[in-house]
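Numbering (the UniProt record's numbering), first residue to last: 1 to 108. The structure appears right after this line, and notes come after that.
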C-alpha cells in the first residue's frame, strides 16, 4: 500500500514535469525572435523576415537574441522540469524504502 501511494504521487509529479505549472515556467520575461509566440505575433512571414534581416546586420543584436533565447530555455523550461523529475524520483525512492522497511518489520 505504501509503495502504491508513493508511486502514484511520484507519477503525478513526473507528469507535471512534462508541462510545469505556469508559476514555474513563465515570469513575464522578454522573448527572443526565435520564440514561437514572438514569431506568430508578426502579421506575415515577410515582416518577420524583415526583422530577422535587420537583426542579422547587427552582430550585437544577434548575440542578444541568442543569449535571450538560451537563457529563457534554461531558466524557464529545463530547470522546472528537472526539479520536478528529481522530486518525483525522490518520492519514489522514499516510498520504496518505506515499503521495504515495513515489509522487514512485518517479518519479525
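For each residue, glycine too, the CB sits at the ideal point set by N, CA and C. Since the structure is predicted, the reported quantities are computational estimates derived from the model, not experimental observations.
Tell me whether residue i sits in a helix, a strand or coil according to DSSP, three-state version.
i: residue 64; result: helix
State the Cα-Cα distance for the pair residue i and residue j, rounded to the nearest angstrom.
i: residue 13; j: residue 68; result: 29 Å
i: residue 30; j: residue 48; result: 17 Å
i: residue 107; j: residue 7; result: 23 Å
i: residue 24; j: residue 80; result: 6 Å
If we count the other Cβ atoms within 10 Å of its Cβ and call it buried at 16 or more, is residue i buried or exposed?
i: residue 65; result: buried
i: residue 15; result: exposed
i: residue 33; result: buried
i: residue 41; result: exposed
For the UniProt domain "Pycsar effector protein" (3 to 105), list the alpha helix (DSSP H) runs that are entirely contained and at least 4 residues long, ordered along the chain. Taking 4 residues as the shortest admissible run, the UniProt domain "Pycsar effector protein" (3 to 105) contains the following complete alpha helix (DSSP H) segments, listed from N- to C-terminal end: 22 to 25, 36 to 39, 45 to 56 and 59 to 73.
Quick test of the definition: if touching needs 3 or more C-beta pairs under 8 Å, does the region 45 to 65 touch the region 85 to 103? no
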